[in-house]
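As structure tokens, the structure follows; a few thoughts come after it.
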Amino acid sequence: MSAIRFDDVWKEYGDHIVLERITMEVEPRAFIALVGPSGCGKTTLLRMLLGEEQPSRGQILVDGKPLLAEPDADRGVVFQRYSVFPHLTVLQNVMLGRELRDAKFIGRLFGAARRAAADDAMKLLAEVGLAGQESKYPSALSGGMQQRLALAQAIMRGPKILLLDEPFGALDPGIRADIHVLMKRLWNETHLTVVMVTHDLSEAFGLATRVIALERSRNRPEERERYGATVSRDLEIFPRRSAELRTTVQPAPAGTTRSGKEHQPGRPGALVLKEQP
15 MSAIRFDDVW KEYGDHIVLE RITMEVEPRA FIALVGPSGC GKTTLLRMLL
65 GEEQPSRGQI LVDGKPLLAE PDADRGVVFQ RYSVFPHLTV LQNVMLGREL
115 RDAKFIGRLF GAARRAAADD AMKLLAEVGL AGQESKYPSA LSGGMQQRLA
165 LAQAIMRGPK ILLLDEPFGA LDPGIRADIH VLMKRLWNET HLTVVMVTHD
215 LSEAFGLATR VIALERSRNR PEERERYGAT VSRDLEIFPR RSAELRTTVQ
265 PAPAGTTRSG KEHQPGRPGA LVLKEQP
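Residue numbers for the sequence shown follow this note's numbering, beginning at 15 and rising by one.
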């Protein structure tokens, strides 16, 4: 069963068509990168997955069931601008994910449940490289550290799907490379299904197991609002990356590109091109 399925999804705002004829399936544990020009609906598609927007037509299924109309604990999200709470410490920010999941009405755990949540939060902070920072507030952290914190906060809830809306775009190149290594490791360790929006093609091919391009078939100014973006390219990266992202490219099916060389981290191996109708 697919983790996510889009059945002929459209998104319209009045007479303005943003997305049209989106039909695709996402396997469990896939890492999907959505790419395309600005304004093609990448973030709109992500917001529909989160539950902030509803399809105008068609439906979205998660684990074979219609997507809930509101965000829930099964969907975590990290935005480009640091989505952490400035009035909470690092530890409190991470614990909040568990508290909102397990204590929905009061948003706070007590006793043994709180101690267990704190222990899990400390372990997760160590995983993302923030050990020793638990008493600090976000304002005392660098941009890269704040994004590590946002990732930890999202993962603490135990989501099945992690949504990333250009979370690394504002970071310096060196810091971004470090975060990429962390993201690959977290993805492999947590068995998450990840959907990431990015404008950076090297980032898309460096992280994802599948790259999906959205594009309008007709982009003349007088036609833009009458035709929405759809899937124009669907690139599956072979072979699926391992925890270390080091493997040998296997013979690809007929019609694919084969390098015949050892797969290097951050570079695509063989690509399967599936052009949508």
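For every residue, glycine included, the Cβ atom is placed at its ideal position computed from N, Cα and C.
Legend entry - Terminal residues of the alpha helix (DSSP H) in which I194 lies: For the purposes of this step, residue 194 is identified with residue 180 of the sequence shown, where counting begins at 1. What sits at residue 194 in the sequence shown is His, not Ile. Run containing H194: 187 to 204, per the alpha helix (DSSP H) assignment.
Inset, instruction - Classify A17 as helix, strand or coil using the three-state DSSP reduction. - result: Here residue 17 is taken as the residue at index 3 of the sequence shown, counted from 1. In the structure shown, A17 falls within a coil segment according to DSSP collapsed to helix, strand and coil.
Inset, instruction - Flag this pair as yes or no: are the beta carbons of G244 and S231 separated by less than 8 Å? - result: Counting from one through the sequence shown, the residue named residue 244 turns up at place 230. Counting from one through the sequence shown, the residue named residue 231 turns up at place 217. The amino acid at residue 244 is misidentified as Gly; the sequence shows Thr. Contact: yes.
Legend entry - Check whether Q160 and V108 have beta carbons under 8 Å apart: Taking the sequence shown and counting its residues from 1, one reaches residue 160 at position 146. Taking the sequence shown and counting its residues from 1, one reaches residue 108 at position 94. Between Q160 and V108, the C-beta gap is not smaller than 8 Å, which leaves the two residues out of contact.
Inset, instruction - Helix, strand or coil for K118, going by three-state DSSP, please let me know. - result: For the purposes of this step, residue 118 is taken as the residue at position 104 of the sequence shown. Residue state for K118 is assigned as coil, using DSSP reduced to three classes.
Inset, instruction - For T207, name the three-state secondary structure that DSSP assigns. - result: In the sequence shown, counting from the first residue as 1, residue 207 sits at position 193. It is a strand residue.
Legend entry - C-alpha distance - G53 paired with A127, whole-angstrom precision: As a first step, residue 53 is located in the sequence shown; it is residue number 39 there, counting from the start. As a first step, residue 127 is located in the sequence shown; it is residue number 113 there, counting from the start. The alpha-carbon atoms of G53 and A127 are separated by roughly 44 Å.
Legend entry - Sufficient close CB pairs (3 or more, under 8 Å) joining the stretch 90 to 100 to the stretch 173 to 188: As far as the Cβ criterion goes, the stretch 90 to 100 touches the stretch 173 to 188, which means the pair count is three or higher.
Inset, instruction - Report, in whole angstroms, the separation of the C-beta atoms of A227 and V49, which I expect to be a contact under 8 Å. - result: Within the sequence shown, numbered from 1, the residue matching residue 227 stands at position 213. Within the sequence shown, numbered from 1, the residue matching residue 49 stands at position 35. A227 to V49, Cβ: 5 Å. Contact.
Inset, instruction - Sort out for me which residues DSSP pairs M136 with in a bridge. - result: Residue mapping note: residue 136 aligns to position 122 of the sequence shown, counting from 1. Paired residue(s): none; M136 is not in a bridge.
Inset, instruction - Report all residues from its chain with a CB closer than 8 Å to the CB of V142; omit the five preceding and five following residues, and keep chain order. - result: Position 128 of the sequence shown, counting from 1, holds the residue named residue 142. Within the same chain, V142 has close Cβ partners R162, L163, L165, A166, L196, L200.
Legend entry - Residue burial classification, I120 (beta-carbon count within 10 angstroms, cutoff 16): Here residue 120 is taken as the residue at index 106 of the sequence shown, counted from 1. With fewer than 16 Cβ atoms within 10 Å of its Cβ, I120 is classed as exposed.
Legend entry - alpha helix (DSSP H) segment containing G72, residue limits: As a working note, residue 72 is residue 58 in the sequence shown. Note, G72: premise wrong, no alpha helix (DSSP H); beta strand (DSSP E) at 71 to 76.
Inset, instruction - Output the distance between the C-alpha atoms of A83 and Q68, rounded to the nearest integer angstrom. - result: In the sequence shown, counting from the first residue as 1, residue 83 sits at position 69. In the sequence shown, counting from the first residue as 1, residue 68 sits at position 54. When only Cα atoms are considered, A83 and Q68 end up about 7 Å apart.
Legend entry - Which residues DSSP lists as bridging F93, in chain order: Here the question's residue 93 lines up with position 79 in the sequence shown. Listed as beta-bridge partners of F93 by DSSP are D179.
Inset, instruction - Have a look at R171 and R112 and give me their C-alpha separation to the nearest angstrom. - result: As a working note, residue 171 is residue 157 in the sequence shown. As a working note, residue 112 is residue 98 in the sequence shown. Roughly 5 Å between the two C-alpha positions.
Inset, instruction - Could you check the C-alpha separation between A17 and S246 for me, to the nearest Å? - result: Locating residue 17 in the sequence shown gives position 3, where the first residue counts as 1. Locating residue 246 in the sequence shown gives position 232, where the first residue counts as 1. Approximately 21 Å, taken between the alpha carbons.
Inset, instruction - Please name the residue in D192, G220, H205 whose C-alpha comes closest to that of P173. - result: Residue numbering aside, residue 173 sits at position 159 when the sequence shown is read from its first letter. Closest option to P173, Cα to Cα, is H205.
Legend entry - Three CB pairs or more closer than 8 Å across the stretch 17 to 27 and the stretch 55 to 72: Yes, they touch.
Inset, instruction - Specify the secondary structure class of S153 as computed by DSSP and reduced to three states. - result: On the sequence shown, residue 153 is found 139 positions in, with the first residue counted as 1. DSSP, read as helix, strand or coil, puts S153 in helix.
Legend entry - Buried versus exposed call for R61 [16 or more other C-beta atoms within 10 Å across all chains shown]: As a first step, residue 61 is located in the sequence shown; it is residue number 47 there, counting from the start. R61 should be labelled buried.
Inset, instruction - Please classify G55: is it buried, with 16 or more other beta-carbons within 10 angstroms of its beta-carbon, or exposed? - result: For this step, residue 55 is matched to residue 41 along the sequence shown. G55 is classed as buried because its beta carbon has at least 16 other beta carbons within 10 Å across all chains shown.
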